[in-house]
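Chemist: The numbering used here puts the first residue of the sequence shown at 35, with every later residue one more than the last.
Note that the Cβ used here is the ideal one computed from N, Cα and C, for glycine as well.
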Amino acid sequence: MLSILKNKKGFTLIELLVVVAIIGILTSVVLASLNTARVKARDAKRIASFRQIQSALEMYYSTNGNYPILLAYINPSSGNVNWLTGFATALQPYLSSVPNDAVGVGYLYSSTNGGQKYGLALSFEGSNYDTLMAGDGGMSASYYELGPSPAECWANGNKEWWGSPSINCP
Numbered sequence: 035m036l037s038i039l040k041n042k043k044g045f046t047l048i049e050l051l052v053v054v055a056i057i058g059i060l061t062s063v064v065l066a067s068l069n070t071a072r073v074k075a076r077d078a079k080r081i082a083s084f085r086q087i088q089s090a091l092e093m094y095y096s097t098n099g100n101y102p103i104l105l106a107y108i109n110p111s112s113g114n115v116n117w118l119t120g121f122a123t124a125l126q127p128y129l130s131s132v133p134n135d136a137v138g139v140g141y142l143y144s145s146t147n148g149g150q151k152y153g154l155a156l157s158f159e160g161s162n163y164d165t166l167m168a169g170d171g172g173m174s175a176s177y178y179e180l181g182p183s184p185a186e187c188w189a190n191g192n193k194e195w196w197g198s199p200s201i202n203c204p
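Right, here's the structure in full:
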């Protein structure tokens with residue numbers, strides 16, 4: 035009877051558990067790396083989108099002598115969206131579609147001084163752009179701010195770029 039058991043081939047329970055544990059560890063490492071890569075890709079796309087918006091705003095200014103006079107924002111915490119309505123219409127001749135963030139990161143465009151200045155702001159998911167946000171010329175190291183006057187709303191004491199439609203930038 036003892037010789038019959040020795041001739042059987044197969045894996046012990048311990049061997050199977052070790053293999054399953056190794057596969058689980060490898061899977062978690064791959065998924066974590068994949069998620070980080072996705073965050074980096076979405077953040078890079080945000081920068082590219084904002085550069086396109088900035089170019090469209092400069093073309094708008096060249097044609098009209100001012101930037102669009104409106105407040106456009108996406109407020110991820112409340113779901114308020116005032117991004118695509120008037121802003122998209124104003125920039126339509128220069129930009130086929132205004133980007134809308136897929137995961138709800140907040141955006142803001144604000145013009146002041148009769149449309150002679152504007153600021154664009156966005157935040158990122160990852161921390162890869164912390165240096166860029168800190169050195170962009172704006173007032174906050176937590177947001178990426180663009181435009182001839184990127185600190186427009188911050189300069190007036192607002193704690194947040196977006197929060198409600200009642201943001202006032204004189």
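Using the beta-carbon count (16 or more within 10 Å), is residue 87 buried or exposed?
Modeler: In the sequence shown, the residue the question calls residue 87 occupies position 53. The residue is buried, with at least 16 neighbouring Cβ atoms inside 10 Å.
Chemist: Report the CB separation of residue 160 from residue 100 in whole angstroms; it is logged as a contact under 8 Å.
Modeler: Position 126 of the sequence shown, counted from the first residue, corresponds to residue 160. Position 66 of the sequence shown, counted from the first residue, corresponds to residue 100. Rounded, the Cβ-Cβ distance is 35 Å, inconsistent with contact.
Chemist: Roughly how many whole angstroms lie between the Cα atoms of residue 134 and residue 168?
Modeler: The count along the sequence shown starts at 1 and reaches residue 134 at position 100. The count along the sequence shown starts at 1 and reaches residue 168 at position 134. Approximately 24 Å, taken between the alpha carbons.
Chemist: Let me know if residue 158 comes out buried or exposed under the rule of 16 or more other beta-carbons within 10 Å of its beta-carbon.
Modeler: Along the sequence shown, read from residue 1 onward, the residue named residue 158 stands at position 124. Buried, because 16 or more other Cβ atoms sit within 10 Å of the Cβ of residue 158.
Chemist: Tell me whether the beta-carbon of residue 95 lies closer than 8 Å to the beta-carbon of residue 125.
Modeler: Position 61 of the sequence shown, counted from the start, is the residue given in the question as residue 95. Position 91 of the sequence shown, counted from the start, is the residue given in the question as residue 125. In this structure, residue 125 does not lie closer than 8 Å to residue 95 by Cβ.
Chemist: Whole angstroms are fine: how far does the CA of residue 58 sit from the CA of residue 170?
Modeler: The residue labelled residue 170 in the question sits at position 136 within the sequence shown. The residue labelled residue 58 in the question sits at position 24 within the sequence shown. Going by the C-alpha atoms only, they are around 42 Å apart.
Chemist: Kindly indicate which three-state DSSP category residue 191 falls into: helix, strand or coil?
Modeler: The sequence position of residue 191 within the sequence shown is 157, counting from 1. With a pLDDT of only 41 at residue 191, under 50, the local geometry of the prediction cannot be trusted, and the value read off the model is given with reservation. Here residue 191 sits in coil by DSSP.
Chemist: Residue 67: buried (16+ other C-beta within 10 angstroms of its C-beta) or exposed?
Modeler: Locating residue 67 in the sequence shown gives position 33, counting from the first residue. With fewer than 16 other Cβ atoms within 10 Å, it is exposed.
Chemist: Given this structure, state the Cα-to-Cα distance separating residue 72 from residue 43, to the nearest angstrom.
Modeler: Position 38 of the sequence shown, counted from the first residue, corresponds to residue 72. Position 9 of the sequence shown, counted from the first residue, corresponds to residue 43. When rounded, the distance between both Cα atoms is 44 Å.
Chemist: Kindly indicate which residue of 65, 47 and 77 has the alpha-carbon position closest to the one of residue 177.
Modeler: As a first step, residue 177 is located in the sequence shown; it is residue number 143 there, counting from the start. Minimum Cα distance to residue 177 is reached at 77.
Chemist: Can you give the beta carbon distance from residue 121 to residue 102, rounded, assuming they're within the 8 Å contact cut?
Modeler: If you number the sequence shown from 1, residue 121 lands on position 87. If you number the sequence shown from 1, residue 102 lands on position 68. Right, their Cβ atoms sit about 7 Å apart.
Chemist: Taking the alpha-carbon positions, what's the residue 7 to residue 163 distance?
Modeler: The structure shown does not extend to residue 7, since the chain spans only 35 to 204, so no value can be given for it.
Chemist: Secondary structure at residue 65, three-state DSSP: helix, strand or coil?
Modeler: Within the sequence shown, residue 65 is the residue found at index 31, counting from 1. Of the three classes helix, strand and coil, the one that applies to residue 65 here is helix, per DSSP.
Chemist: So residue 145 and residue 104 are supposed to be a Cβ contact under 8 Å. How far apart are they, rounded?
Modeler: Numbered from its first residue, the sequence shown carries residue 145 at position 111. Numbered from its first residue, the sequence shown carries residue 104 at position 70. The Cβ separation is near 7 Å, so the contact holds.
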